[in-house]
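The sequence shown begins at 120 in this note's numbering and counts up one residue at a time.
Idealized CB from N, CA, C, for every residue including glycine.
Step one of this worksheet: look at the structure below.
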Amino acid sequence: MFDATLADTPGALQQSPSFARALEALGAPPLKLPDGTLVLRRRFGPLPVSMITRPRVTSAAGLGALAGVVPVKGPRLLSPDSPLPLQEIGALPLISPATIATLDLGPNTDALMAGLHQKWRNRLRHGLSQGLRVTRQKMPDDPGHWLLQADLVQQAARGYRSWPIPLTLAYARANPGQAKLFMAHQGKTPVAAMLILRHGSAATYHIGHTRASGRLMSAHTLLMWSVILWAKSKGMQSLDLGTIDTEDAPGLARFKLGTGAQPRKLGGTWLWWPPLTSLARPIAVIDRRMMGLG
Numbered sequence: 120m121f122d123a124t125l126a127d128t129p130g131a132l133q134q135s136p137s138f139a140r141a142l143e144a145l146g147a148p149p150l151k152l153p154d155g156t157l158v159l160r161r162r163f164g165p166l167p168v169s170m171i172t173r174p175r176v177t178s179a180a181g182l183g184a185l186a187g188v189v190p191v192k193g194p195r196l197l198s199p200d201s202p203l204p205l206q207e208i209g210a211l212p213l214i215s216p217a218t219i220a221t222l223d224l225g226p227n228t229d230a231l232m233a234g235l236h237q238k239w240r241n242r243l244r245h246g247l248s249q250g251l252r253v254t255r256q257k258m259p260d261d262p263g264h265w266l267l268q269a270d271l272v273q274q275a276a277r278g279y280r281s282w283p284i285p286l287t288l289a290y291a292r293a294n295p296g297q298a299k300l301f302m303a304h305q306g307k308t309p310v311a312a313m314l315i316l317r318h319g320s321a322a323t324y325h326i327g328h329t330r331a332s333g334r335l336m337s338a339h340t341l342l343m344w345s346v347i348l349w350a351k352s353k354g355m356q357s358l359d360l361g362t363i364d365t366e367d368a369p370g371l372a373r374f375k376l377g378t379g380a381q382p383r384k385l386g387g388t389w390l391w392w393p394p395l396t397s398l399a400r401p402i403a404v405i406d407r408r409m410m411g412l413g
């Protein structure tokens, strides 16, 4: 089931031992399949639901095999790491694929700088000229931390959901030194912050917020470049900048892609449940385009 061609490439945060440790610390340990794939468990009323998010498989048959060995009855929600024709295994499409931005940290620092888009590079130069002080520390175990609270406000304003605060703090506690808080300060006042989660040979942009004064000084751009240099210095292979939405959040999409990151479509979310297999197959074929399969 595990694809040997993926053995040396960084996996998604949701399939990392670091994520498993965070869930275990919260008292909600994931199921671990024989090949190491993590399966989250939820209940919708009396119905148990198993979720497999961004597993390291590259075929519909491989993901179907994983779903088949989950030792819990009930539906499976499958979210592959790339578009897969899961209608071939009788899965029913639920949510169309999101697009993420991933920065390859393999090139040297000069090449990473050259890979920045010109406007992004200009904002970086502006940020470097503002006299801001950049700090890096472990994420404090404080649910009232201003970055976490600002992110809650931001989620409500923009209509999206991120991890609950207890899970973010559990990640930091369960993985010492792997939740890094970068902050830009004007004097003693923080004007921007970014929380990065390390997992193996990769890192993921988790939360970021810039205050109005920080935006005037290009503080977020300065922090992102600081993150890139840090991740590169630690030997990480890639930086996952999360989802991009060029329609509803074009500014954020431009910011992420301006780093030289490449967009990549995920596989959407599918429902797989043997009792529905024969019914779902003809419906799923109709929705191939919805799931990025042409």
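Member of the options whose CA lies at the smallest distance from the CA of residue i
| i | options | result |
| --- | --- | --- |
| L286 | H245, A141 and G296 | A141 |
| G370 | M355, W344 and T340 | T340 |
| R271 | P259, T218, I326 and K307 | Note on residue identity: the sequence assigns Leu, not Arg, to residue 271. Of the candidates P259, T218, I326 and K307, the one whose C-alpha sits nearest the C-alpha of L271 is I326. |
| S345 | L235, R255 and F163 | R255 |
| A220 | P393, K351 and A322 | A322 |
| G263 | L251, Q274 and I284 | I284 |
| A293 | T308, F138 and L150 | F138 |
| P394 | L145, G164 and A210 | A210 |
| L300 | L288, K307, T308 and I315 | I315 |
| K351 | L132, P202 and D229 | D229 |
| S320 | P204, A233, A380 and G354 | G354 |
| S201 | G187, T218, V188 and A186 | T218 |
| K151 | A380, W392 and T172 | T172 |
| L288 | D261, M232, A276 and L203 | D261 |
| A186 | I208, L358, F374 and Q274 | I208 |
| G333 | A131, L231 and S248 | S248 |
For residue j and residue i, the rounded distance between their alpha carbons
| i | j | result |
| --- | --- | --- |
| T156 | M170 | 11 Å |
| D154 | L348 | 33 Å |
| R244 | P382 | 25 Å |
| Q206 | P212 | 8 Å |
| Q268 | A312 | 12 Å |
| F121 | P190 | Confidence at F121 is low in this model, with a pLDDT of 42, below 50, so its placement is unreliable and no value can be given for it. |
| A123 | L390 | Because the pLDDT of A123 is 40, which lies under 50, any placement of that residue in the model is unreliable, and the question is left without a value. |
| M302 | Q134 | 28 Å |
| R317 | T378 | 19 Å |
| A147 | Y324 | 23 Å |
| P149 | L159 | 5 Å |
| V310 | P194 | 45 Å |
| T329 | W265 | 11 Å |
| A184 | R162 | 22 Å |
| T177 | L222 | 21 Å |
| P129 | E143 | 22 Å |
| P174 | L235 | 30 Å |
| P295 | K307 | 26 Å |
| V168 | R242 | 46 Å |
Segment limits, alpha helix (DSSP H) that includes residue i
| i | result |
| --- | --- |
| S169 | Segment L166 to T172 is the beta strand (DSSP E) holding S169; no alpha helix (DSSP H) there. |
| T287 | I284 to A293 |
| H245 | Q237 to L247 |
| R277 | W265 to R277 |
| P136 | P136 to A144 |
| L335 | A331 to L335 |
| T228 | T228 to A233 |
Cβ distance (whole Å) where residue i is taken to contact residue j below 8 Å
| i | j | result |
| --- | --- | --- |
| G199 | G386 | Checking the sequence shown, residue 199 turns out to be Pro, not Gly. Confirmed, about 3 Å. |
| K257 | A291 | 7 Å |
| L251 | M343 | Between M343 and L251 the Cβ distance is about 13 Å, and since that is not below 8 Å, they are no contact. |
| Q424 | G225 | A query on residue 424 cannot be resolved here, the shown segment of the chain reaching from 120 to 413 and no further. |
| G246 | A338 | 6 Å |
| L196 | T388 | 6 Å |
| D364 | L132 | 19 Å between Cβ atoms; not a contact. |
Range of the contiguous beta strand (DSSP E) that encloses residue i
| i | result |
| --- | --- |
| K351 | Taken as a continuous stretch (DSSP letters only), K351 belongs to no beta strand (DSSP E), being part of the alpha helix (DSSP H) at A338 to S352. |
| M313 | T308 to H318 |
| V158 | L157 to F163 |
| P101 | Any question about residue 101 goes unanswered here, given that the chain covers just 120 to 413. |
| V253 | R252 to K257 |
Any non-hydrogen atom of the ligand MG closer than 7 Å to residue i Cβ
| i | result |
| --- | --- |
| G296 | Here there are no bound small molecules, and the ligand MG is not part of this structure. |
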